[in-house]
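Some notes on the structure that comes next.
Residue numbers (this note's numbering): 130 to 566.
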């Protein structure tokens with residue numbers, strides 16, 4: 130009986146899983162968009178972050194992590210993995226929204242804060258009452274103070290596990306002693322108005338980390354300090370995202386255009402969009418739209434082009450038109466999504482973050498070029514194919530071009546194509562020498 134080898138079997142299973150979950154999906158645009166925080170703080174531009182209350186240096190460490198997160202311009206953005214199931218090469222994560230940043234607050238320098246608090250004989254640990262917070266804020270020139278508490282609970286457990294091993298071709302089991310270490314952290318943050326002393330917002334973040342080391346294992350058990358640091362770093366991002374905007378990865382699946390006259394051009398547009406060449410993709414989709422304005426798939430894709438750059442109202446117009454022409458679930462979902470984005474944009478504006486409207490530059494010449502048909506010269510690059518001045522062999526030779534190169538078609542005359550060459554020249558080539566693109 131023929132059995133698949135384990136690695137081949139795994140590949141088959143992965144392919145089956147991919148086919149079942151992908152639903153034969155089409156090309157996607159993956160871009161990071163700026164989203165508003167859970168707690169918007171209108172009018173707050175300058176803040177101070179106090180050391181949080183906590184044992185050892187955990188409170189001070191967390192305050193430093195939080196400040197670092199708040200100072201990041203692209204918090205939330207990360208590299209993406211390309212290829213099948215994300216197992217390909219890394220690709221830089223990008224945003225297409227002009228003028229955006231996750232850094233919205235001016236933060237008082239630590240040295241200045243220490244100086245003022247020492248002068249006022251205040252502790253750095255955030256144990257301030259409302260009146261002290263108001264006075265400190267006025268002296269530092271901030272509108273809000275961030276303070277709170279860090280709780281850390283480390284535990285070690287001794288356990289016994291059963292391990293299997295082979296010896297002389299036989300399988301055996303043995304008992305090994307292990308140490309399981311767990312660290313739980315709870316960070317509670319409060320944002321205090323220095324104008325009124327009131328709490329503008331509060332957030333709790335709970336994190337845990339585990340490490341295990343058994344007899345015979347390689348490596349060492351992670352230290353409590355390492356694990357606490359990892360937990361607090363994770364919490365610092367969660368707390369920062371609570372009252373400051375951050376980037377979130379959004380995926381938009383394009384509609385596949387199957388209309389014959391535009392199929393090839395739409396495929397190129399989708400490829401451009403997938404590679405985040407949005408201006409090039411928009412130009413191609415717009416040129417198709419001008420020829421076929423009542424195609425809901427074209428309208429939907431143009432809506433995506435506007436949405437990814439932050440033109441939410443224009444995106445809504447295209448989504449609405451697509452939905453009127455075809456009662457499609459994804460079109461309705463897009464309308465709801467962009468309505469939410471409009472509200473996000475309003476909230477961001479209250480924080481001083483304006484998403485600039487992106488202008489797609491569309492000229493008549495560019496549109497004409499986008500719609501123009503193209504031919505690819507047959508043959509290898511080292512070969513040279515003759516281009517004639519007239520649509521007949523034996524006429525004057527205009528150029529000799531290498532195989533594999535693509536040229537725009539000016540017009541067709543019978544079995545000949547008049548093509549646009551480099552250097553402003555043009556000439557004829559027989560249809561047998563080219564492939565249509």
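For each residue, glycine too, the CB sits at the ideal point set by N, CA and C.
By the Cβ rule, the stretch 387-405 does not count as touching the stretch 313-328, because fewer than three pairs are nearer than 8 Å. Nearest in C-alpha terms to residue 161, of all of 338, 308, 280, 231, is 231. Around residue 433, the same chain offers 158, 381, 383 as residues with beta carbons nearer than 7 Å, after the five sequence neighbours per side are excluded. Put simply, of 169, 156, 268 the residue whose alpha carbon is nearest the alpha carbon of residue 481 is 169. Pairing residue 174 with residue 234, the inter-Cα distance amounts to about 5 Å. In the structure shown, residue 435 falls within a helical segment according to DSSP collapsed to helix, strand and coil. Residue 524 and residue 550 have their alpha carbons spaced roughly 17 Å apart. Taking the Cβ atoms as the reference, residue 188 lies roughly 5 Å from residue 279, within the contact range of under 8 Å. Pairing residue 179 with residue 276 gives a Cβ-Cβ distance under 8 Å. Per DSSP, residue 194 is one residue of the alpha helix (DSSP H) stretching across 187-199. Collapsing the DSSP output to three states places residue 280 in a strand.
As the crow flies, the alpha-carbon of residue 436 is around 9 Å from that of residue 463.
Within the same chain, 326 come within 7 Å of residue 260 by CB-CB distance, once the 5 residues on both sides are set aside. Residue 229 and residue 484 have their C-alpha atoms some 6 Å from each other.
For residue 368, the CB contacts under 7 Å within the same chain, skipping 5 residues up- and downstream, are 195, 316, 318, 332, 334 in chain order.
If you draw a straight line from the Cα of residue 200 to the Cα of residue 532, it comes to about 53 Å. With a 10 Å radius around the Cβ and a threshold of 16 neighbouring Cβ atoms, residue 347 comes out exposed. Your pair residue 156 and residue 400 checks out as a contact, with CB atoms roughly 7 Å apart and the cut at 8 Å.
Unbroken beta strand (DSSP E) stretches of 3 residues or longer found wholly inside the stretch 522-546: 526-531, 535-542, given in chain order. Boundaries around residue 411 are those of the alpha helix (DSSP H), 407-420, since no beta strand (DSSP E) includes it.
Between the beta-carbon of residue 377 and that of residue 534 there is about 42 Å, and that puts the pair past the 8 Å contact cut. DSSP places residue 555 in the strand class (E or B) of the three-state scheme. Listed in chain order, the non-local C-beta contacts of residue 471 below 6 Å within the same chain comprise 441, local neighbours out to five positions each way being set aside.
Under the three-state reduction of DSSP, residue 474 is assigned to helix. With contacts defined as CB atoms closer than 8 Å, residue 350 and residue 358 fail to qualify as a contacting pair.
In this structure, the straight-line span from the alpha carbon of residue 459 to that of residue 184 is close to 51 Å. Spanning the alpha carbons of residue 265 and residue 236 requires a straight line of approximately 14 Å. Secondary structure note for residue 372: its alpha helix (DSSP H) is the uninterrupted segment 353-372.
Taking 8 Å as the cut-off, the beta carbon of residue 539 is found no closer than this to the beta carbon of residue 528. A distance of 8 Å or more separates the beta carbons of residue 511 and residue 564. Per the C-alpha coordinates, the member of 364, 560, 490, 291 positioned closest to residue 522 is 560.
Going by beta carbons, residue 447 and residue 477 fall outside the 8 Å limit.
Here residue 413 is buried: its Cβ has 16 or more other Cβ atoms, across all protein chains shown, within 10 Å. If the five residues before and after residue 392 are omitted, its C-beta is found closer than 7 Å to the C-beta atoms of 386, all from its own chain and listed in chain order. As far as DSSP is concerned, residue 430 takes part in no beta bridge. For the alpha helix (DSSP H) assignment, the uninterrupted runs of no fewer than 4 residues enclosed by the stretch 246-333 are, from N- to C-terminal side, 259-269.
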